[in-house]
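Take a look at the structure set out below.
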Amino acid sequence: MTTATDAAFTPVTIGRYRARNRIVMAPMTRNRANDTVPTPLMAQYYGQRASAGLIITEGTQPSAIGQGYPATPGLHTAEQVGGWKLVADAVHAAGGLVFAQLMHAGRIGHPDVYPEHTEVAGALPVGPSAVAATGSVFTGRGMAEFPTPRALSADGVQDTVAEFAAAARAAIDAGLDGVEIHAANGYLLHQFLSTNANRRTDTWGGDVAGRISFTVAVAQAVADEIGADRVGLRISPANPFNDIVEDGHRETYLALVAALEPLALAYLHVAETTDPGLTPLLRKAWSGVLVLNPAEQTAAEHLSVIQDGAADLVSFATKFLANPDLVARLRTGAPLNTPDRPTFYGGDHRGYTDYPSADHPGADHPSAAPVA
Numbered sequence: 001m002t003t004a005t006d007a008a009f010t011p012v013t014i015g016r017y018r019a020r021n022r023i024v025m026a027p028m029t030r031n032r033a034n035d036t037v038p039t040p041l042m043a044q045y046y047g048q049r050a051s052a053g054l055i056i057t058e059g060t061q062p063s064a065i066g067q068g069y070p071a072t073p074g075l076h077t078a079e080q081v082g083g084w085k086l087v088a089d090a091v092h093a094a095g096g097l098v099f100a101q102l103m104h105a106g107r108i109g110h111p112d113v114y115p116e117h118t119e120v121a122g123a124l125p126v127g128p129s130a131v132a133a134t135g136s137v138f139t140g141r142g143m144a145e146f147p148t149p150r151a152l153s154a155d156g157v158q159d160t161v162a163e164f165a166a167a168a169r170a171a172i173d174a175g176l177d178g179v180e181i182h183a184a185n186g187y188l189l190h191q192f193l194s195t196n197a198n199r200r201t202d203t204w205g206g207d208v209a210g211r212i213s214f215t216v217a218v219a220q221a222v223a224d225e226i227g228a229d230r231v232g233l234r235i236s237p238a239n240p241f242n243d244i245v246e247d248g249h250r251e252t253y254l255a256l257v258a259a260l261e262p263l264a265l266a267y268l269h270v271a272e273t274t275d276p277g278l279t280p281l282l283r284k285a286w287s288g289v290l291v292l293n294p295a296e297q298t299a300a301e302h303l304s305v306i307q308d309g310a311a312d313l314v315s316f317a318t319k320f321l322a323n324p325d326l327v328a329r330l331r332t333g334a335p336l337n338t339p340d341r342p343t344f345y346g347g348d349h350r351g352y353t354d355y356p357s358a359d360h361p362g363a364d365h366p367s368a369a370p371v372a
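This is how it looks when you write it as C-alpha cells:
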C-alpha cells in the first residue's frame, strides 16, 4: 500500500523538467544579498537544500523600483546575473532544480530602501493606485510608515510588464531553471488583484477582468520570453498580509485561473491563508501542475496532500530554512531542527548555513534542539 510519504517521494514533471520528488522549498526572504547581488554564502545556502524536488528562491526584484526590503537580490543588472550563476551552479552540482521568484514589492517599499547608487534612490514606490498601505517597513535605518505610492501610468504598467520579462531572461542567462511570478502576499501583482489597493478605472482595474489583467499580462510576457514550461505563478487568495482586501476573492481567483489556463504554465503555486476551502475549486479549474503551501499543518499533514490528490507537489518554508536535509528527514521520520527566528532576516552564516543535518547533529547552533 502506498503511504503519503511514498507518494511525496515519487518523481513528477514540472514544465520541461523532471523533479526527483514532490517536496518544494518555498520562497523565503533572508536579506543576505551584498547590496542587491547574490553572494557565495547564498549559493552555499541554496546548494545545501538542493535535495528538494524544486527550490524557489527568495523574492527577487525585477527592477530597482521593485525592491521592498534592504539586502534583497535583484535580476536586472549584469552583476546580479553573475551572483545568481553561483547559486545555479551550486544547486545543479547537487542535482537540484531552482526557479527564481520574481517579486515586485509595489507599494510595499520606501524611498530609504532603494540603494543610493541607483536611479531610484529617494523615489516613491509605485502601485496600481496612489493608495498607501497601512503599516510600516524596515528600511535599514529603522521602521518607517509606508508612503503613498506613485500610481503607475498606462505606459508605466507596460514598462513593468517588460521588466518582468527581462528579469526572466536574466534568470535563464544566469543558469537558473525557470522563474516563479509572485502574485501573492500583498506585493505588486496582488495589489492589482485587490479591491483596496487597486482603484483604477482603466483596463487595469475596475471589475474582475480589469484587476486580473496585469497578472495575466505579466505571465504572458514572461512565458513568451523564456517558454511557459519554465514559468510558475504564486497566489495567496484572501491573504490580508500587507493591508490587502479582496472583496469577492473567489470570483477573482477562479477568473484568474481560467485566464491563465491557456498559457500552459509549468505550475500554479497556491499559498493557503484564510480560505483553504477555495483550494479544491482551484484544483478543479487548473489542469496543470499544482503546488500547494497548505495552511499551518504538521509535516505529515503537509505530505498527505500529495496522497490525497489535493496537489501535485507540496511546499515547505521555515522547515526548509532550519533543515537543509529536510527531504531526508521527512523520508526517515527524523526529528526536525527548531528555526532560530532572530536570525531569519539579515546577518551572516549563523542561522543560515550552519543548521545541523541529521547525519551531523553536533553543530553548535541554537537549532540543534530538535522539534517533532
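Position one of the sequence shown corresponds to residue 1 (full-length UniProt numbering), numbered consecutively onward.
All residues carry an ideal CB built from backbone N, CA and C; glycine is no exception.
Because the structure is a prediction, the values reported are computed rather than measured.
Taking C-alpha positions only, residue 271 is separated from residue 359 by approximately 31 Å. With 16 or more other Cβ atoms from the protein chains shown falling within 10 Å of its own Cβ, residue 230 counts as buried.
Judged by DSSP secondary structure, residue 320 falls within the alpha helix (DSSP H) whose first and last residues are 318 to 322. Burial check for residue 225: the Cβ neighbour count within 10 Å reaches 16 or more, so the residue is buried. For residue 269, no alpha helix (DSSP H) run applies; the uninterrupted beta strand (DSSP E) run containing it begins and ends at 267 to 271, by DSSP.
About 16 Å separates the CB atoms of residue 131 and residue 156; that is not less than 8 Å, and the two are not in contact. Less than 8 Å divides the Cβ of residue 61 from the Cβ of residue 104. Following the DSSP letters along the chain, one finds residue 167 inside the alpha helix (DSSP H) bounded by residues 154 to 173. By the Cβ-count criterion, residue 245 is exposed, with fewer than 16 other Cβ atoms from all chains shown falling within 10 Å of its own Cβ. Collapsing the DSSP output to three states places residue 302 in a helix. For the pair residue 241 and residue 145, the Cα-to-Cα distance works out to about 15 Å.
In the structure shown, residue 230 adopts helical secondary structure according to DSSP, grouped into three states. Per DSSP, the continuous beta strand (DSSP E) segment holding residue 17 begins and ends at 17 to 19. When secondary structure is reduced to three states using DSSP, residue 136 falls in the strand class. Residue state for residue 341 is assigned as helix, using DSSP reduced to three classes. A contact between stretches requires three or more CB pairs, one per stretch, nearer than 8 Å, and the region 189 to 197 meets this requirement with the region 210 to 224.
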